[in-house]
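Residue numbers (my numbering), protein chains in the order written: chain Y, 1 to 483; chain W, 484 to 742.
Backbone N, C-alpha and C define an ideal beta-carbon position, used for all residues, glycine too.
Note that the structure is a prediction, hence the values are computed from the model and not measured.
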Amino acid sequence: MLKVIIEKEIRDLISSTKFIITFGACAFLIIVAFYVGTTRFNLNQAYYEASRAENIRSMEGMTDWNELESNRIFLAPTPLASLVSGVSNDIGRTAVVEGRGSIPIEDSRYNEDPIFAIFRFLDLEFIFKVLLSLFAILLGYDAISGEKERGTLRLAFANALPRQTYILGKLIGTFAALSISVLVAIAVGTLMMPMMGISLSGNDWIRLLLIIMAGLLYAGVFLTLSVFVSSLTNRSANSFLVLLVIWVFCIHIVPRVSVLMAARSVDVLSVDEIAFQQSGLRAQLLDEVSEGMENFKFAGANDDIDALSNQLNAHMDSLSNVRDSKMQSFSSRLYEERGNGQKTQERLAFALARISPATSLTLATSYLAGTSIGLKNRFQDEAKSYQEQYGSFLKEKTGSNTGGGLRIRQSTACTAAEDKENEDAKKEIPKGVDTKELPEFKYTDVTPTESVQAAVVDMGLLLFFNLIFFAGAFVAFGKYDVR
Amino acid sequence: MNNNHLGNIKPALEAVNLTKRYEDGVLALDHVSFSIAPGELFALLGGNGAGKTTTINLFLGFLEPTEGEAIINGIVCHKEPLEAKKQIAFVSENVQLYSNFTAIQNLDFFAKLGGKKDYTKGDYRDVLLRVGLSADVHNKRLSGFSKGMRQKCGIAIAILKDAPVILLDEPTSGLDPKAGRDFIELIKSLRTENKAILMSTHDIFRAKEIADVVAIMDSGQIIMQQTAEEISGKNLEQIYMQYMAGGVFVSEVIGAANA
């Protein structure tokens with residue numbers, strides 16, 4: 001009997017005008033999302049390669065690593081980030097790394113092209129969030145009330161048909177019709193990727209499959225919810241209206257309100273405030289450095305310029321180290337305070353927003369695509385560990401990890417014999433630095449296991465919502481007046 | 484009123500003191516009793532709100548009686564609704580099937596719901612021809628069917644289920660005279676297959692024409708029940724029309740009908 005209901009449901013749905021129209025729109029937009037994502041990935045990849053080449057090119061004229069003041073490292077685009085943007089367009093793709101100190105991150109996509117910030121990108125996550133939920137609502141809003149209005153429910157239940165079988169068949173049949181059609185569209189979209197020159201790694205495939213699974217679970221939530229609401233009303237118009245209100249709240253209101261509420265509940269030290277406090281300390285430290293410079297006492301013969309240069313450099317280095325260390329510990333404390341505040345705020349915002357399954361979809365897919373809110377911190381952490389490598393490299397090449405900066409060149413104090421040698425050397429063509437020696441930055445993305453671990457809460461929540469609404473539909477239909 | 488006209492014949496369908504009071508306090512059925520033997524057609528006449536559809540809903544297990552029992556072949560409907568429904572084929576006032584499906588697809592689905600899984604397309608075509616639907620519409624979607632055609636599909640589904648009891652809820656309501664006549668002929672043919680038929684209707688002419696027993700309902704009670712022989716020769720139409728027009732006391736109706 002269950003099979004009969006499932007078959008009927010699938011056949012009834014796929015032959016209906018509403019299915020043809022909504023599926024057509026959904027499939028078209030899913031394919032468009034893949035196309036847009038693939039095209040954008042290719043563009044971002046070209047941009048990434050060009051930026052890296054430009055960075056190396058800018059070093060070509062250098063004859064000494066001392067001339068290198070900073071190095072630019074870049075966040076490589078990934079195919080999945082093009083399908084599920086997450087925060088990848090909001091954060092910068094370039095980090096400016098110096099031997100020490102803070103690492104500014106620049107060149108965010110939305111900063112470069114603000115128009116995209118207004119309308120955001122048309123990515124797979126957006127299509128899933130908006131269209132799959134609507135598609136599910138359109139398939140489910142009249143599942144029960146519509147059958148009652150049409151009079152088919154009464155006729156069906158004039159037979160020895162258990163209610164549980166009927167509602168189960170309805171849910172399975174509707175979900176099958178929805179998921180099969182969505183999977184067909186996704187399959188077409190996925191096939192476009194290799195055709196447009198993108199090859200996904202094994203890990204990417206696993207992540208993509210999990211993203212699709214999250215999308216289907218999300219659609220399932222709205223489907224079971226729709227059947228549940230449909231089992232509570234006698235009129236499909238009422239059911240549709242209720243679902244539309246829920247949809248608006250889930251997609252547009254709950255996430256935004258949650259963030260606002262979390263922001264009001266948890267105070268986070270702002271970047272401006274940190275900058276203000278830093279500039280206060282910086283002024284104080286400058287005074288200390290000036291004082292320290294005044295206190296410099298040369299211990300040696302007055303004509304020993306080399307010794308003077310060495311001692312002055314050492315003194316300056318020591319003053320800089322003290323200043324940097326004080327500044328760094330102060331900044332670290334402030335940023336840690338800000339980071340802790342942000343984490344508390346984030347946890348509260350996510351906890352509140354997870355009332356909406358749309359939040360769980362956004363979080364799960366962005367974790368799986370490696371574009372979650374943690375991407376910026378991860379890039380920054382990776383940049384920091386690169387900074388250590390880079391600093392060591394500079395130290396090895398120049399004797400200091402500052403690169404460039406206020407250094408007194410030993411060549412300014414040389415003997416007459418050395419002067420002659422230098423004169424000879426000047427006649428030779430200066431030898432450029434070998435940029436290949438520069439340590440290479442390679443961003444290591446989170447592993448699929450880490451992604452799944454991060455996404456498991458939200459995937460679990462989506463499953464939980466499915467079960468809750470499924471149970472709701474089951475109970476409500478058990479009491480439904482089928483007359 | 485003694486509603487048992489069957490004597491020792493075992494009824495296929497039986498209402499025993501069937502009472503239904505809705506949650507809002509309305510007494511829709513008030514100790515209604517009647518029996519229908521296999522091969523017998525029982526017509527339940529009455530105006531809107533008389534309790535005809537409530538009676539049918541109690542047999543279909545859509546409602547639970549407040550008191551009394553609806554019994555089909557010994558099975559108490561509200562106690563074993565699924566078992567009882569295996570014994571019932573039902574045709575409603577306005578048969579609504581799946582408009583995206585063809586006539587054959589609809590028949591296939593409802594036949595399977597009725598537990599009949601071995602029918603072939605040929606069987607469906609035969610039954611559609613039997614109810615008067617020509618071969619050219621068998622594979623057409625129901626969305627283009629008239630009410631008369633849909634009612635015929637409804638009776639085709641009832642025939643396919645091949646249940647011992649058939650419940651007809653105002654099946655000819657809204658049909659044009661030709662379609663109504665065709666429908667009645669179909670019902671007559673079913674009676675010859677030893678089916679017990681309960682038909683609720685407003686249409687006293689058709690009821691008198693085909694029913695073995697006619698009962699008139701008012702305010703949840705059967706106010707008159709007579710066999711075809713008892714009715715024969717009496718001016719039931721006039722009495723019923725007076726009753727339907729209102730203003731006639733129950734006692735007068737009964738008295739006149741028995742006169």
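To the nearest angstrom, how far is the alpha carbon of Phe545(W) from that of Ile253(Y)? So the alpha carbons of these two residues sit roughly 41 Å apart.
Between which two residues does the beta strand (DSSP E) containing Thr684(W) stretch? Here the beta strand (DSSP E) through Thr684(W) covers Ala679 to Thr684.
Below 8 Å on the Cβ atoms is my guess for Pro357(Y) versus Tyr141(Y); work out the distance and round it to an integer in Å. In this structure Pro357(Y) does not touch Tyr141(Y) by the C-beta definition: roughly 17 Å separates them, more than the 8 Å allowed.
Nearest-angstrom Cα distance between Asn718(W) and Lys8(Y)? Across the structure, Asn718(W) and Lys8(Y) are spaced so that their CA atoms are roughly 50 Å apart.
For Phe126(Y), which of helix, strand or coil comes out of DSSP? Phe126(Y) falls in the helix class under three-state DSSP.
Short Cβ contact (9 Å threshold) for Phe379(Y) with Ile105(Y): Against a cut-off of 9 Å, the Cβ pair of Ile105(Y) and Phe379(Y) comes out as a contact.
What would DSSP say about Met316(Y), mapped onto helix, strand or coil? DSSP places Met316(Y) in helix when its eight states are reduced to three.
Endpoints, the alpha helix (DSSP H) within which Leu543(W) is located: From DSSP, Leu543(W) is part of no alpha helix (DSSP H); its letter is neither H nor E.
For a contact defined as C-beta to C-beta under 7 Å, what are the partners of Thr152(Y) on chain W? What Thr152(Y) touches in chain W: Gln579, Leu580 and Tyr581.
Please list, in chain order, all residues of the same chain as Thr233(Y) whose beta carbon is under 8 Å from its beta carbon, the five residues on each side excluded. Excluding sequence neighbours, Thr233(Y) sits near Ser145, Ser239 and Val242.
Proximity test, Cβ basis, 9 Å: Gly657(W) and chain A: In summary, chain A is missing from the structure at hand, where the protein chains are Y and W.
On the DSSP bridge list, what partners appear for Ile705(W)? For Ile705(W), DSSP records a beta bridge to Met700(W).
Can you grab the Cα-Cα spacing for the pair Gly716(W) / Arg608(W), in whole Å? Distance between the alpha carbons of Gly716(W) and Arg608(W): 41 Å.
Starting from the beta carbon of Leu161(Y), find every residue of chain W whose beta carbon is closer than 7 Å, and list them in chain order. In chain order: Leu596.
Grouping DSSP H, G and I as helix and E and B as strand, with all else coil, what is Thr398(Y)? Under the three-state reduction of DSSP, Thr398(Y) is assigned to helix.
The alpha helix (DSSP H) enclosing Ile251(Y), as first and last residue numbers: In the DSSP assignment, Ile251(Y) falls outside any alpha helix (DSSP H) and carries neither an H nor an E.
Nearest to Ala263(Y) by alpha carbon, out of Gly24(Y), Ala349(Y) and Thr359(Y)? Selected option, being the one with the closest Cα: Ala349(Y).
I'd like to check one pair, Ala572(W) with Ala160(Y): are the Cβ atoms closer than 9 Å? No, the pair does not count as a contact, with Cβ atoms beyond the cut-off.
Could you tell me the distance, in whole angstroms, from the CA atom of Ile211(Y) to the CA atom of Gly657(W)? Gly657(W) has its alpha-carbon roughly 54 Å from the corresponding atom of Ile211(Y).
Have a look at Asn310(Y) and Asn66(Y) and give me their C-alpha separation to the nearest angstrom. Each residue's Cα considered, the two are about 17 Å apart.
Give me whichever residues DSSP pairs with Ala498(W) in a beta bridge. Note: Ala498(W) sits in a beta bridge opposite Phe517(W) and Ala553(W).
Restricting to Cα atoms, I'd like to know which of Glu125(Y), Ala476(Y) and Val184(Y) is closest to Ser372(Y). It is Glu125(Y).
Terminal residues of the continuous alpha helix (DSSP H) containing Asp107(Y)? That residue, Asp107(Y), is in no alpha helix (DSSP H); its beta strand (DSSP E) goes Ile105 to Ser108.
Check whether chain W comes within 9 Å of Ala158(Y), counting only Cβ atoms and requiring the distance to be less than that. The Cβ of Ala158(Y) sits closer than 9 Å to at least one Cβ of chain W.
Hey, quick one: how far does the beta strand (DSSP E) through Val574(W) stretch, first residue to last? Residues Ile571 to Val574.
With a cut-off of 8 Å on the beta carbons, I'd call His561(W) and Ala586(W) a contact; round off their distance for me. The pair is not a contact, with the Cβ atoms about 34 Å apart (cut-off 8 Å).
Would Lys8(Y) count as contacting chain W if we go by Cβ distances under 9 Å? Chain W, which has a Cβ nearer than 9 Å to the Cβ of Lys8(Y), makes this yes.
Contact set between Asp12(Y) and chain W, taken where Cβ atoms lie within less than 8 Å: Neighbours of Asp12(Y) on chain W, chain order: Tyr581, Asn583 and Phe584.
For the segment 217-299 of chain Y, list the alpha helix (DSSP H) runs that are entirely contained and at least 4 residues long, ordered along the chain. For the segment 217-299 of chain Y, whole alpha helix (DSSP H) runs of length 4 or above, ordered along the chain, are 236-248, 254-265 and 271-294.
Going along the chain, which residues of the segment 681-710 of chain W sit with their C-beta nearer than 7 Å to a C-beta in chain Y? Under the 7 Å Cβ criterion, the segment 681-710 of chain W contributes no residue.
Should Ser236(Y) be flagged as near chain W, meaning a C-beta pair shorter than 9 Å? Not a single CB atom of chain W sits nearer than 9 Å to the CB of Ser236(Y).
Select from Ala455(Y), Asp287(Y), Glu288(Y) and Ser279(Y) the residue whose C-alpha is nearest the C-alpha of Thr359(Y). The residue with the shortest Cα to Cα distance from Thr359(Y) is Ala455(Y).
At a cut-off of 8 Å, is Asn71(Y) close to the ligand MG when judged by its beta-carbon and the heavy atoms of the ligand? For the structure depicted, the ligand MG is absent and the ligand set is empty, with no information on it obtainable.
Using the three-state DSSP reduction, which class does Ile115(Y) fall into: helix, strand or coil? Helix.
Taking the straight line between their C-alpha atoms, what separation do you get for Ala473(Y) and Leu225(Y)? Note on geometry: alpha-carbon atoms of Ala473(Y) and Leu225(Y) lie some 8 Å from one another.
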